[in-house]
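Quick notes on the structure that follows.
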Amino acid sequence: MAPARPPKSITGTRWWVAGVFLLPALILLGSLVVYPIGYSVWRSLYDADGSGFVGLENYGDIFTNDATLTAVRNTAIWVAVAPALVTALGLIFAVLTERIRWGTAFKLIVFMPMAISMLAAGIIFRLVYEQDPDQGVANAIVTSVHDAFVDSSVYPKARPNAQASDLKSSGGGSFTSTGTVSPGTPALLPLVGIAPNKLPGTPEDAKAPAATGSGITGTVWLDFKLGGGGTKGQVDPGEKALKGVKVEAVKDGKVVASATSGADGTFSLPADADGAQLKLPGSNFAAAYNGIDWLGPTLVTPAIIGSYVWMWAGFAMVLIAAGLAGVDRNLLEAARVDGANEWQVFRRVTVPLLAPVLVVVLVTLMINVMKVFDLVYIIAPQPSQDDANVLALQLFLSSFGGGGNYGVGSAIGVILLLLVLPVMFVNLRRLRKERQR
Amino acid sequence: MTTVDPTLDPKLDPPVRAKRSFAARLVSGTAGGVMRLFLIIVALIWMVPTFGLLMSSFRDPTDIAASGWWKVFTAPGQLTAKSYETLLENDAITSSLLNTIWITVPATLLVVMIGAMAGYAFAWMDFKGRDGWFLVVVALLVVPVQVALIPLSDLFGKIGIFGDIIGVVLFHVGFGLPFAIFLLRNFFAEIPRELLEAARLDGAGEIRLFATVVMPLAAPAIASLGIFQFLWVWNDMLVALVFSDSQSQPLTVALQQQVRQFGSNIEVLAPGAFISMVIPLAVFFAFQRQFVSGVMAGAVK
Numbered sequence: 016m017a018p019a020r021p022p023k024s025i026t027g028t029r030w031w032v033a034g035v036f037l038l039p040a041l042i043l044l045g046s047l048v049v050y051p052i053g054y055s056v057w058r059s060l061y062d063a064d065g066s067g068f069v070g071l072e073n074y075g076d077i078f079t080n081d082a083t084l085t086a087v088r089n090t091a092i093w094v095a096v097a098p099a100l101v102t103a104l105g106l107i108f109a110v111l112t113e114r115i116r117w118g119t120a121f122k123l124i125v126f127m128p129m130a131i132s133m134l135a136a137g138i139i140f141r142l143v144y145e146q147d148p149d150q151g152v153a154n155a156i157v158t159s160v161h162d163a164f165v166d167s168s169v170y171p172k173a174r175p176n177a178q179a180s181d182l183k184s185s186g187g188g189s190f191t192s193t194g195t196v197s198p199g200t201p202a203l204l205p206l207v208g209i210a211p212n213k214l215p216g217t218p219e220d221a222k223a224p225a226a227t228g229s230g231i232t233g234t235v236w237l238d239f240k241l242g243g244g245g246t247k248g249q250v251d252p253g254e255k256a257l258k259g260v261k262v263e264a265v266k267d268g269k270v271v272a273s274a275t276s277g278a279d280g281t282f283s284l285p286a287d288a289d290g291a292q293l294k295l296p297g298s299n300f301a302a303a304y305n306g307i308d309w310l311g312p313t314l315v316t317p318a319i320i321g322s323y324v325w326m327w328a329g330f331a332m333v334l335i336a337a338g339l340a341g342v343d344r345n346l347l348e349a350a351r352v353d354g355a356n357e358w359q360v361f362r363r364v365t366v367p368l369l370a371p372v373l374v375v376v377l378v379t380l381m382i383n384v385m386k387v388f389d390l391v392y393i394i395a396p397q398p399s400q401d402d403a404n405v406l407a408l409q410l411f412l413s414s415f416g417g418g419g420n421y422g423v424g425s426a427i428g429v430i431l432l433l434l435v436l437p438v439m440f441v442n443l444r445r446l447r448k449e450r451q452r
Numbered sequence: 024m025t026t027v028d029p030t031l032d033p034k035l036d037p038p039v040r041a042k043r044s045f046a047a048r049l050v051s052g053t054a055g056g057v058m059r060l061f062l063i064i065v066a067l068i069w070m071v072p073t074f075g076l077l078m079s080s081f082r083d084p085t086d087i088a089a090s091g092w093w094k095v096f097t098a099p100g101q102l103t104a105k106s107y108e109t110l111l112e113n114d115a116i117t118s119s120l121l122n123t124i125w126i127t128v129p130a131t132l133l134v135v136m137i138g139a140m141a142g143y144a145f146a147w148m149d150f151k152g153r154d155g156w157f158l159v160v161v162a163l164l165v166v167p168v169q170v171a172l173i174p175l176s177d178l179f180g181k182i183g184i185f186g187d188i189i190g191v192v193l194f195h196v197g198f199g200l201p202f203a204i205f206l207l208r209n210f211f212a213e214i215p216r217e218l219l220e221a222a223r224l225d226g227a228g229e230i231r232l233f234a235t236v237v238m239p240l241a242a243p244a245i246a247s248l249g250i251f252q253f254l255w256v257w258n259d260m261l262v263a264l265v266f267s268d269s270q271s272q273p274l275t276v277a278l279q280q281q282v283r284q285f286g287s288n289i290e291v292l293a294p295g296a297f298i299s300m301v302i303p304l305a306v307f308f309a310f311q312r313q314f315v316s317g318v319m320a321g322a323v324k
């Protein structure tokens, strides 16, 4: 490495001085980086405990075994989706913040996640994606948006008071009265199953229905009050009204009229409900909408990609913004003078001018994404870990996480190395070109 | 690895605006409003996840189980530093925090020193095959750390440092060096030749030249490299997961072990994650410029 040469070089270095400066680095690189590459290639040709030569069998296993095949597929999804998404967002943020006075503050906020560990980001997003809408902010938002547009059932656990009413379960979570109603005989629909202090909002006291004219009247209420007392099946003072319960009048299986109980629990149906059975449809009692199962088998990979985007969008944004600062303003202005609108300027001038930066960002992110490990390992809960699996995680699980199979682990390592090899050649060629200049 | 201005705030010329009609200004005014609203929403989306964990770390475990962290807006009295107190009394956590420091500081210093020496040799010394060797270093830039996990656990096992802090440090030094050499060699090569020759004429030897002329000149590059390497090692989980044991594990590994029972361990995980984030965030805000240029140059790792 440091051959005997004329004792003085151009700058006057003796060969052994160069040796002293280089030796620590070369020894460390040789033993900690170069040697492991060779060892991995060799080891990947042997079986789990290294005793038998198996040729390329480990590589074959990776593409036939279900667990590793999922990892291969998910890594492909990651590489196809995450870098493009991050770059697109980075481009949008960079362009939009350019003319905003608080652009720097915005960039600071979006770039901040780059400073923290993937572990911390994983913990942060594990909390975001918690299933319970009272824990995870993602589902808290999803459920409140859902409830704003879809009438949610107000009394998921309510059921009729079996002793004091003739309402019987009629399938699909609904309840239907066995008897029929007629004008002048108010219908009493007592429900139980909820604690009076767990009712949403501030419920009014229930009011006994008045028998009026030709219509059918009735009351839906909670036939139970704290401290007990009162008669079952009767609207007693202090018992709370159940507001917003849908009541249908059914004749021969057909709904002829329907009403919703008011704030005092009363409802009234038109005269043609005479002789009908009353039905409380199951929608009144359906379980509350509980949000999206983010970390379940189907959504776990997109959810983790979301957290990756959160971490890396700032990186893309800052690189692209730096590229944007170097773009000649006159070109953009010339296009505007020629009558191009902002979108056309962006699409036809800005983006093509930024193409080299965009490619660098994309390639950098692709290399990074191939090796993604921490986020998947932390965010995916145990039951969906197999569905979220990626190559770098499978390498760890095969070799250290109880698998103990160094053969397959090494083969995955070699595959990861092969995947970044093209980038290695691009780097080397760029360096050569710079030298020639 | 591109040469871009590493700053969050590129100083732009004030945008030149052609005179527009009233209607055009109205349209662009509305569009500007929509755009600002969009950016505000994005900024909120980016802040809420971290803010949520921060609030959770300042709540009582029973409160956390009962309601979401946003409850603190209506019940600010819930805020308490109890979780932090409990955490700092937990020996496993405090000793792992010390381990993080014992791993990060040597791994950073060694990479900077050894990398600077090699970078200087590649930039200013003349020896046979210099360019070839440098190409090898550049090729090693993109080697994934995963490739070395199995070979080095085998090697470290044989020489008896598997599970030891030394092994973790060595691993980070090995994989930090290609980038360090690459970055510093390029920086050193920009130093004007006259400067070095003048110092040499004054009688400075190679070592003195390196220590008193070259290194001070390279302070900005060394700062970027040092910050990047420091954060890389501080934030690492994978390498430590494989190469450390219960005595030598850093904070990231100690916290990772609590993740499996996420719901019930949130009072450890939330403050723990914040303690692990304090140093990186302080570095980020204090050395924004160097941090950004380091991250940009080193993201290929």
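Residue numbers (this note's numbering), protein chains in the order written: chain A, 16 to 452; chain B, 24 to 324. Ideal Cβ positions, reconstructed from N, Cα and C, are used throughout, including at glycine.
Are the C-beta of residue 112 of chain A and some C-beta of chain B separated by less than 8 Å? For residue 112 of chain A, the answer is yes, since a Cβ of chain B falls inside 8 Å of its Cβ.
At a threshold of 7 Å, does residue 364 of chain A count as lining the ligand GDP (C-beta to nearest heavy atom)? For the structure depicted, the ligand GDP is absent and the ligand set is empty, with no information on it obtainable.
Closer than 9 Å between beta carbons: that is the criterion. Which residues of the segment 165 to 196 of chain B meet it against chain E? As a matter of chain content, chain E is missing from the structure shown, whose protein chains are A and B.
Skipping 5 residues on each side, what residues in its chain have a beta carbon closer than 8 Å to that of residue 207 of chain A? 173, 174, 175, 176, 237, 238, 239
Based on Cα-Cα distance, which residue from A:226, A:318, A:194 lies nearest to residue 290 of chain A? A:194
How about the segment 73 to 93 of chain A and the segment 183 to 200 of chain B: do they share at least three Cβ pairs that are nearer than 8 Å? The segment 183 to 200 of chain B and the segment 73 to 93 of chain A do not touch, with fewer than three beta-carbon pairs separated by less than 8 Å.
Does any residue of chain A have a CB that is nearer than 8 Å to the CB of residue 238 of chain B? In terms of beta-carbon proximity, residue 238 of chain B stays away from the interface with chain A, with every pair separated by 8 Å or more.
Does any residue of chain B bring its CB to less than 8 Å from the CB of residue 139 of chain A? yes
Can you give me the C-alpha to C-alpha distance between residue 302 of chain B and residue 216 of chain A, rounded to a whole angstrom? Cα-Cα distance, rounded: 46 Å.
Residue ranges of each alpha helix (DSSP H) within the segment 99 to 183 of chain A, 4 or longer: 118 to 126, 133 to 143, 152 to 164
Between residue 71 of chain B and chain A, is the shortest Cβ-Cβ distance under 8 Å, so that the two count as touching? yes
Let me see if you follow: with CB-CB separation under 8 Å, is residue 310 of chain B close to chain A or not? no
Between the alpha carbons of residue 358 of chain A and residue 385 of chain A, how many angstroms are there, rounded? 33 Å
Inside the segment 86 to 140 of chain B only - beta strand (DSSP E) runs reaching at least 3 residues: none
I'd like the span of the beta strand (DSSP E) that includes residue 236 of chain A, first residue to last. 231 to 237
Smallest Cα separation from residue 265 of chain A: which of A:49, A:274, A:436, A:259? Nearest in C-alpha terms to residue 265 of chain A, of all of A:49, A:274, A:436, A:259, is A:274.
Applying a beta-carbon distance threshold of less than 8 Å, which residues of chain A neighbour residue 303 of chain B? 130, 131, 132
Just curious, the alpha helix (DSSP H) that residue 317 of chain A is in, first and last residue? 315 to 340
Throw me the rounded Cβ distance for the residue 82 of chain B and residue 103 of chain B pair, which I believe falls under 8 Å. Taking a contact as a CB-CB distance under 8 Å, the pair residue 82 of chain B and residue 103 of chain B counts as one, their CB atoms being some 7 Å apart.
Find the residues of chain B that neighbour residue 282 of chain A, judging by a C-beta separation of less than 8 Å, and give them in chain order. Under the 8 Å cutoff, chain B gives no residues; its nearest Cβ is about 34 Å from residue 282 of chain A.
Contact list for residue 190 of chain A against chain B, beta-carbon separation under 9 Å: For residue 190 of chain A, none of the residues of chain B pass the 9 Å Cβ criterion, the least Cβ distance being about 32 Å.
So with CB distances below 8 Å, who are the chain B contacts of residue 127 of chain A? For residue 127 of chain A, the chain B residues whose Cβ falls inside 8 Å of its Cβ are 69, 73, 304, 307, in order along the chain.
Determine contact between the segment 372 to 387 of chain A and the segment 112 to 124 of chain A, defined as no fewer than three beta-carbon pairs at a distance below 8 Å. no
So residue 306 of chain B and residue 130 of chain A are supposed to be a Cβ contact under 8 Å. How far apart are they, rounded? 7 Å
Between which residues of its own chain and residue 326 of chain A is the CB-CB distance below 6 Å, once the five residues before and five after are set aside? The beta carbon of residue 326 of chain A sits closer than 6 Å to those of 128, 136, all from its chain and outside the five residues before and after it, given in chain order.
So with Cβ pairs under 8 Å, would you call residue 260 of chain A a contact of chain B? no
For the structure I just gave you, are there three or more beta carbon pairs, one from the segment 146 to 157 of chain B and one from the segment 245 to 257 of chain B, closer than 8 Å? Three or more Cβ pairs closer than 8 Å define a contact, and the segment 146 to 157 of chain B falls short of that threshold against the segment 245 to 257 of chain B.
DSSP on residue 167 of chain B, reduced to helix/strand/coil? coil
Endpoints, beta strand (DSSP E) assigned at residue 203 of chain A: Run containing residue 203 of chain A: 202 to 207, per the beta strand (DSSP E) assignment.
Does chain A have any CB closer than 8 Å to the CB of residue 229 of chain B? yes
Under a CB-based cut-off of 8 Å, is residue 198 of chain B close to chain A? Chain A contact via Cβ: present.
In terms of residue numbering, what span does the beta strand (DSSP E) encompassing residue 275 of chain A cover? 269 to 275
Cut-off 7 Å between Cβ atoms - residues of its own chain near residue 90 of chain A, not counting five sequence neighbours on either side: Excluding residues within five positions, the ones whose Cβ falls inside 7 Å are 385, 405, 406.
Determine, using beta carbons only, whether residue 24 of chain A comes closer than 8 Å to chain B. Residue confidence is low: residue 24 of chain A scores 44 on pLDDT, short of 50, so the model does not pin down where it sits. Its coordinate-derived value is still stated next. For residue 24 of chain A, the answer is yes, since a Cβ of chain B falls inside 8 Å of its Cβ.
Look up residue 210 of chain B in the DSSP assignment and give the residues it is bridged to. The partner list for residue 210 of chain B (beta bridge, DSSP) is empty, contrary to what the question assumes.
Boundaries (first-last residue) of the alpha helix (DSSP H) holding residue 400 of chain A: 400 to 403
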